[in-house]
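Chemist:
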Amino acid sequence: MFELLPGNFARAVLGQSATPEIVENFNRRAGLDRPFFERFGVWLWGVVQGDFGISYSSLTASSTGDQDRTVASMILPRLENTLFLAAAVAIVAVPLSLGLGLLAALYRGSIFDRVVNAATLTSISFPEFFIGYILMLFFAVQLPWFYATSMIESTTTFWDHLERIGLPLICLVLVIVAHMMRMTRAAIINLLASPFIEMARLKGMPPSRVIWHHALPNAWAPIATVVGLNLAYLVVGVVVVEVVFAYPGIGRLMVDAVVSRDVPVVQGCAIIFAAVYVLLNLSADIIGIVTNPRLLHPR
Amino acid sequence: MLLEMRGIEIEGQSEDTWFPIIKGMDLTLRRGEVLGLIGESGAGKSTMGLAAMGFARDGCRITAGSIVFDGMDLRAMPESQRRKLRGVRIAYVAQSAAASFNPAHRLIDQCIETAMFYGVASASEARQSTVDLFRRLHLPDPENIGERYPHQVSGGQLQRVMTAMAMACSPDLIVFDEPTTALDVTTQIEVLASIKEVVRELHKAAIYITHDLAVVAQMADRIMVLRYGEVVEEAPTRQMLSDPQEAYTKSLWAVRSLRKDEDTSGDKVLSIRNVTAAYGGGVRVLHDVTVEVPRGRTVAVVGESGSGKSTLARVITGLLPPISGTVEFDGQRLPPALAQRPKSLLRKVQMIYQMPDPALNPKRRIGDMLGRAVSYHLGLSGKARDKRISELLEMIELDDSYRERLPMELSGGQKQRVCIARALAVEPDLVICDEVTSALDQIVAEEILKLLLRLQRDLGVTYLYITHDIATVKAIADEIVVMHQGKVVESGPKSEVLSPPHPAYTELLLSSVPEMDPDWLDNVLAERARGGAGAAAVEGDR
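Protein sequences appear in the order of chains D and Y. Reminder that position 241 of the first sequence reads as 259 in our numbering, one-by-one numbering, no gaps. Reminder that position 191 of the second sequence reads as 266 in our numbering, one-by-one numbering, no gaps.
1) Taking the alpha carbon of residue 257 (chain D) as the point to measure from, which residue in D:267, D:249 and D:248 has its own alpha carbon closest?
2) Would you mind working out which of Y:86, Y:105 and Y:551 sits nearest residue 334 (chain Y), comparing C-alpha positions?
3) Please name the residues in the segment 190–224 of chain D whose beta-carbon is closer than 9 Å to at least one beta-carbon of chain Y, in chain order.
4) Which of the three DSSP states is assigned to residue 144 (chain Y) in this structure?
5) Note down the Cα distance separating residue 275 (chain Y) from residue 106 (chain Y), rounded to an integer number of angstroms.
6) List the DSSP bridge partners of residue 538 (chain Y).
7) How is the alpha helix (DSSP H) around residue 197 (chain D) delimited, first residue to last?
8) So residue 301 (chain D) is in the alpha helix (DSSP H); what residue range does that whole segment cover?
9) State the DSSP-derived secondary structure class of residue 163 (chain D), mapped to helix, strand or coil.
10) What residue ranges within the segment 521–597 of chain Y form continuous beta strand (DSSP E) runs of no fewer than 3 residues, ordered along the chain?
11) Helix, strand or coil for residue 305 (chain Y) per DSSP?
12) Which residues mark the beginning and the end of the alpha helix (DSSP H) in which residue 131 (chain D) is found?
13) Can you have a look at residue 88 (chain Y) and say buried or exposed, based on whether 16 or more other CB atoms are within 10 angstroms of its CB?
14) Just curious, the alpha helix (DSSP H) that residue 325 (chain Y) is in, first and last residue?
15) In whole angstroms, what separates the C-alpha of residue 152 (chain Y) from that of residue 140 (chain Y)?
16) Tell me, please, whether the CB atom of residue 453 (chain Y) is closer than 9 Å to any CB atom in chain D?
17) Does any C-beta atom of chain Y lie closer than 9 Å to the C-beta of residue 45 (chain D)?
18) Just to confirm the assignment, what range does the alpha helix (DSSP H) spanning residue 348 (chain Y) have?
19) Report all residues from its chain with a CB closer than 7 Å to the CB of residue 615 (chain Y); omit the five preceding and five following residues, and keep chain order.
20) Are the C-beta of residue 311 (chain D) and some C-beta of chain Y separated by less than 9 Å?
21) Measuring only between beta-carbons, confirm whether residue 235 (chain D) sits less than 9 Å from chain Y.
22) Kindly indicate which three-state DSSP category residue 111 (chain Y) falls into: helix, strand or coil?
23) Considering residue 168 (chain Y), what are the terminal residues of the alpha helix (DSSP H) in which it resides?
24) How would you call residue 304 (chain D), buried or exposed, if buried means at least 16 neighbouring beta carbons within 10 angstroms?
25) Is residue 512 (chain Y) close to chain D, meaning its C-beta is less than 9 Å from at least one C-beta of that chain?
26) First and last residue of the beta strand (DSSP E) that includes residue 255 (chain D)?
27) Would you say residue 171 (chain Y) reaches chain D, if we count a Cβ-Cβ gap shorter than 9 Å as a contact?
28) Please compile the residues from chain D whose C-beta is within a distance smaller than 9 Å of the C-beta of residue 404 (chain Y).
29) Let's see if you can read the secondary structure: which residues bound the beta strand (DSSP E) around residue 252 (chain Y)?
30) Where do the N-terminal and C-terminal ends of the beta strand (DSSP E) with residue 425 (chain Y) fall, by residue?
31) How many angstroms separate the CA atom of residue 254 (chain Y) from the CA atom of residue 290 (chain Y)?
32) What are the residues of the segment 180–197 of chain Y that lie near chain D, defined by any Cβ-Cβ distance shorter than 9 Å?
33) Give the single residue among D:124, D:273, D:93 and D:166 whose Cα lies nearest to the Cα of residue 233 (chain D).
34) Label residue 97 (chain Y) either buried or exposed according to how many other C-beta atoms from any shown protein chain fall within 10 Å of its C-beta, with 16 as the threshold for buried.
35) Using a 10 Å radius around the Cβ and a threshold of 16 neighbouring Cβ atoms, would you call residue 161 (chain D) buried or exposed?
36) What residues in its chain sit with their C-beta under 6 Å from that of residue 166 (chain D), if we drop five residues either side in the sequence?
Encoded structure:
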């Protein structure tokens, strides 16, 4: 895809004034004079061995080899930050949405159900940058409860880190809770029409036990799928929120790398995103299988 | 008096309006008595059965009347009080055990759930008494079968496990809601026998709901006939069977008397020779099947679920190319796969399905559906097409105004009529009918069968009629093919197949069909206990 974009790294970094010799020299060092498929093959072989390559940005024509920054060394701290934020959001959002979904299913049609539905629908309907700025306006500028931006240094402590991500956390929770909560509610309500739920009620079981013991164990597969998708979004799709709150996560790294045509970094990020996506979906499928006695205990 | 229901009125909700389902009904039950509730779908049987537990389904409400169970008024007490009676003193056995067991929990845990939850017994006591019930209900391996999940147990066994679950807390009253309707006849007889034995021995009162007269005749001491949410007639079983008073009851009784004279003449329109077939190269579902179908006649293919009868239809239509063997139509060998068959051949073989709903596009008007078939295969358009549609509607005894209707505006029987018209619209030689009356009520089913027979007389069309119902076979077949586990067990003219001597499986199948005689079940079981032909096979199926 990058091949289709106009310009290349050498031109972007070295500037308009660079002589063709300098550009060519740089291209040779970076291996950009080789054909596309060869470069890709070499890179892929490296990835398999755990070597994500060297960032072009450290390869300016004048620099020497020992100052080269590996892609891994650029991605790792950023990935750590992104995973930190994602984990914090997940810890808040998943139980919250499951709980709200179960309660909404239990009291469906009630005021509570309607309020929760309306609130989550509202929050999902706004783009996340809008929610982000609104939160910033009210809870950082007007009421100084949170940090407006989430600058993280390598010296930031754990608790300090947690405190600084307050607003992006709330913002992301608002964005993903709606989806998961509504799916939980729908999955449970869908099951409530099953004959085995009627049977449970006719066995004298109260509504809370019907939902917890009879409906929920059969709803894990769809819930796990939607939870997996949303957690993947926390890593892969979080870039807008990272930019809004100036949070040094992997999404921003990738955007910066795209702007400067730093192909190895972009590829490195893409691999991480793909891996997270596949891993989370795989876990969702595994949960779906493990919670389904039909698959776990064949005839 | 264990249960006394007076002036019960129940309403159901459709969109925003409430309409009556039960219109002021009385029901009384003594201890140890079995009451049969019988009627067609929509008569309010299940609603009434559930009301006996003080329960109304979502979208239903009990608006009037009193339900007094053992001196307690269920309607006057709070829901939490009623819950404590359900499962403990009044239990329920549902129609489809496969759907009514929670797929996520082991059977034993579901059986003892109520006892545990309300502290009726300790876990080990509850388990022990459930295992005893499993044994009483003749379940195989009673000690361990409870450790399985519902999908690991066959339908007939599940239904017995559900009966055990209902009896786990030793309730005073059990509501059986069509407990054997979803089962094959040879399985049904076993379940009926087990239920009857347990109910008698433990002296339980029961409400037995069914649409099958012959079944209720075996189970009930007293029968109530329901229609449109009202009681038509009520009498002790023997009196009700021998001397029904009301016209509606008599019409129900008469349904089983449709008969057609056998005629097996005619050249062979379809010959299926030595067909073996499997799905996806896996287990073979048809083994060396040979069937001949004479022109203008009805060949009934009868067998239980899993016998391969629907697979045979798929082979004939080309949906499933066979592994070996040939299908000849009009003396001409049919290409095995649908895609290889020319349009003219496709026209000649049409199919009618069990469920009219999925077979009809809900967004298209009846006239368009019939017209599409007519113009695609016969090339008619404009006036000629319109005329043909009118003819077809007349043929299935529907008013011409039905052409503007959508499928959802029709009743189940009318929808099935439209399916018949669509199959006949293209003037086929052979129509494959796959359980076309199984989803319909007896009286409606009878009308459909009469229609099929009349159309055969008028148009000379040939039917391959697939069914599990022996009564239907007796009514319409000229020839019968009995299938079991993918093989043809017996075939020939109706009179031959239905009269002895039978191969063992045919004997078992025929003897398992309930009869209206209240002593039928006891007699058959006594016969089999003496070592009748079917006994060994029944044991094998357990």
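Positions of the beta carbon are idealized from the N, C-alpha and C atoms, including for glycine. Bear in mind that the values here come from a model prediction, so they are computed numbers and not experimental data.
Modeler: On the basis of the data shown:
1) D:267
2) Y:551
3) 210, 211, 212, 213, 214, 215, 216, 217, 218, 219, 220, 221, 222, 223 and 224
4) strand
5) 11 Å
6) Y:373 and Y:506
7) 184–210
8) 281–308
9) coil
10) 537–542, 554–559 and 562–568
11) strand
12) 129–143
13) exposed
14) 322–329
15) 14 Å
16) no
17) no
18) That residue, residue 348 (chain Y), is in no alpha helix (DSSP H); its beta strand (DSSP E) goes 343–353.
19) Residue placement at residue 615 (chain Y) is flagged as unreliable, the pLDDT there being 41, under the threshold of 50; the coordinate-derived value follows with that caveat. Result list for residue 615 (chain Y): empty, nothing under 7 Å.
20) yes
21) yes
22) strand
23) Careful: residue 168 (chain Y) lies outside any alpha helix (DSSP H), inside the beta strand (DSSP E) at 165–168.
24) exposed
25) no
26) Note, residue 255 (chain D): premise wrong, no beta strand (DSSP E); not H, not E.
27) yes
28) Within 9 Å Cβ-Cβ: nothing; residue 404 (chain Y) doesn't reach chain D, min ~39 Å.
29) 248–252
30) 424–427
31) 10 Å
32) 180, 181, 185, 188, 189, 192 and 193
33) D:124
34) buried
35) exposed
36) 154 and 158
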